[in-house]
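Peer 1: All residue numbers for the sequence shown refer to the numbering used here, where the first residue is -15 and numbers rise by one. Here a beta-carbon is modelled for each residue, glycine too, at the ideal position from N, C-alpha and C. Before we start, here is the structure in question, set down as structure tokens.
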Amino acid sequence: MEHLDDQERQEVWANIKDALFNDHIDQFRAEFLELHPYDQARIFEDLEKDVRLQIYTYLSPEEVADVMEHIDYDEIEPFFTEMAPPFAAQVFAEMSTDDAVDIFNELDKDKVASFLTIMDDDAADEIKDLLHYEEKTAGSIMTTEFVVVKAGMTIREAMVHLRTEAPDAETIYYTYVIDEDKRLVGVISLRDLIISEEEWLISDVMNERVVSVSVGEDQEEIARMVRDYDFLALPVVDFQDHLLGIITVDDIMDVMEEEASDDYSKLAAISDVDSPDDHAFASAKKRLPWLVILLFLGSLTASLIGRFEETLDQVAILAIFIPLIAGMAGNTGTQALAVAVRGITTGEIEKQGKWKMMLREAGTGLITGFSCGLLMTLIVYIWQENFFLGLLVGLSIFLTLVVATLAGSLVPLLMHRLKIDPAVASGPFITTINDLISIMIYFGLATAFMNLLI
């Protein structure tokens, strides 16, 4: 099954639409169900409501569930709202439990209660068990659709059990082993099950060194574990090691995308990344709080320049270099910030140590500051034929780049230490702070060496 580009998807949809509008149900089902669920979802999103309502009558709840699992959760509410409630409840029951929970978290609580009331009791109970876990924890993203075997089973008994339970499991590449008290005691791969002798016991073949996560573990830390260990799934346990669920790699990919989007929005100084469907007012509402804060900080910069009005009156040419020095401070601060936030997010800083990172950034600031400072000294000297002015600009850039680099890496480290998301130390915020620092350095040096400039 090949991935379809937009043009191919349109061509396929033309055939499907022809069958749909001519009430050729069998032809429609054959054409539509041949597509991968991802391509089904992309086509589905572009349809008018009345067309989708017709499709609901042609597909089973299980088939619609496959489509819904490939639609972004923050855009899915209208689809379930337009379905007949009993049909929507059946769709939820057919979905993977963790996907259903993610969608329920996007819906109004009254709608959630209504769907749970008319759902199959077993499916509703599984979803309820996961709904009470805090968002962005292992419990909120795990699935309860997995296969377990007992340590005392033989390989033959385990394989019979696996064939029975596999159709409803999200993955069978790992089979987890529990004891009589339902505690996680081991794991066995599908490969080991296949190649082992049928009379061997599971306890003799299983791997007892199981990497698991607590039900309250943060999803970002779980994503790092999956990346580091190359797992396809991770078991989730409570404080007594009872197996509660598993987290599969597809859920981790969603987490990584969500966390990257969240960090990007904070680095851009907005509370959340704008959706293409947002109206101008909604987008402005997200951006305005940060912009107001930055406006006041920018006013401090303007006020600071005003305090050096006398210096500017005596050497007016100093004003030419204010944007240059402030811009360089903002640029290097943002670079250091990006490195620090990435190191914290990926766990690299924990491995190499904060002091090592700070020393590296200090060295980077010294080298870049010296290089840019020396270059600007020569440029200004040749341009203005004033050695001391060139020296002032060059020295200011040198000190500014060193301080801005350290600030860009130190601020997120301090926030991380205080249990605040380091991405909150956004690019615009660091840039504005470094503007203040650079102006103080520049005009402080200019005032101190005024006699040499006049």
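Within a Cβ cutoff of 6 Å, which residues of the same chain sit near G392, ignoring the five residues on either side of it in sequence?
Peer 2: Cβ neighbours of G392 beyond the five flanking positions: G317, A320, L321, I414.
Peer 1: Give the DSSP-derived three-state secondary structure of V299 in the structure shown.
Peer 2: DSSP places V299 in coil when its eight states are reduced to three.
Peer 1: Once the 5 residues before and after T295 are set aside, which same chain residues still bring their CB inside 8 Å of it?
Peer 2: The answer, listed in chain order, is L302, F427, A430, T431, M434.
Peer 1: Taking only three categories from DSSP, how would you classify T159?
Peer 2: Strand at T159.
Peer 1: For G347 versus L385, is the C-beta distance shorter than 7 Å?
Peer 2: Not in contact: G347 and L385 (Cβ atoms no closer than 7 Å).
Peer 1: If contact is defined by three or more beta carbon pairs under 8 Å, each pair taking one atom from either stretch, is the segment 53 to 66 in contact with the segment 78 to 94?
Peer 2: Yes: at least three Cβ pairs fall under 8 Å.
Peer 1: Roughly how many angstroms lie between the CA atoms of G314 and L420, to the nearest whole one?
Peer 2: Taking the straight line joining both Cα atoms gives about 10 Å.
Peer 1: Just the Cα atoms here: how many angstroms apart are I417 and V197?
Peer 2: Using only the alpha carbons, I get a separation of about 39 Å.
Peer 1: From E164, G337, V48, Q(-9), pick the residue whose C-alpha is nearest to that of R13; which is it?
Peer 2: Considering only alpha carbons, the answer is V48.
Peer 1: Let me know the secondary structure DSSP gives N6 once reduced to three states.
Peer 2: Of the three classes helix, strand and coil, the one that applies to N6 here is coil, per DSSP.
Peer 1: Would a C-beta distance cut-off of 7 Å place I102 and P70 closer than the cut-off?
Peer 2: Against a cut-off of 7 Å, the Cβ pair of P70 and I102 comes out as a contact.
Peer 1: Taking only three categories from DSSP, how would you classify D202?
Peer 2: Three-state result, D202: strand.
Peer 1: Counting only the same chain and skipping the five closest in sequence on each side, list residues whose C-beta sits under 7 Å from that of L375.
Peer 2: So the qualifying residues of the chain are T361.
Peer 1: Evaluate P260 with the Cβ neighbour count: other Cβ atoms within 10 Å of its Cβ, from every protein chain shown; 16 or more gives buried, anything less gives exposed.
Peer 2: Note that P260 scores a pLDDT of 48, beneath 50, so its modelled location is shaky; the value from the coordinates is reported in the next line. Under this definition P260 is an exposed residue.
Peer 1: Whose CA, out of M399, I381, L284, A286, lies closest to the CA of I309?
Peer 2: Comparing Cα-Cα distances from I309 to each of M399, I381, L284, A286, the minimum goes to I381.
Peer 1: In angstroms, rounded to a whole number, what distance separates the CA positions of P21 and M312?
Peer 2: Taking the straight line joining both Cα atoms gives about 49 Å.
Peer 1: Here's the rule: buried if 16 or more other CB atoms are within 10 angstroms of the residue's CB, otherwise exposed. What is H8?
Peer 2: Flag for H8 reads exposed.
Peer 1: Using 10 angstroms around the beta-carbon of F265, count the other beta-carbons present and answer buried if the total reaches 16, otherwise exposed.
Peer 2: By the 10 Å Cβ count, F265 comes out exposed.
Peer 1: Please state whether the Cβ-Cβ distance between L227 and Y160 is less than 7 Å.
Peer 2: It is a contact, given that the beta carbons lie within the stated cut-off.
Peer 1: Please determine, among E46, E204, F28, E205, the residue with the shortest C-alpha to C-alpha distance to I60.
Peer 2: Nearest of E46, E204, F28, E205 to I60, Cα basis: F28.
Peer 1: Could you compute how far the alpha carbon of I0 sits from the alpha carbon of L19?
Peer 2: Approximately 11 Å between the Cα atoms of the pair.
Peer 1: So, using beta-carbon positions, are I139 and E182 closer together than 7 Å?
Peer 2: Going by C-beta atoms, I139 is nearer than 7 Å to E182.
Peer 1: Roughly how many whole angstroms lie between the Cα atoms of F88 and D104?
Peer 2: Those two C-alpha atoms are separated by around 16 Å.
Peer 1: For T121, count neighbouring Cβ atoms within 10 angstroms of its own Cβ and tell me buried if that reaches 16, exposed if not.
Peer 2: Buried, since its Cβ has 16 or more Cβ neighbours within 10 Å.
Peer 1: To the nearest angstrom, report how far apart V276 and V220 are at their CA atoms.
Peer 2: C-alpha separation (whole angstroms): 43 Å.
Peer 1: Go through its chain and collect everything with a Cβ distance to S422's Cβ below 6 Å, but skip five positions before and after it.
Peer 2: Around S422: I309, A310, A313, T384.
Peer 1: Since K134 is in the beta strand (DSSP E), which residue starts that stretch and which ends it?
Peer 2: Unbroken beta strand (DSSP E) run through K134: 132 to 134.
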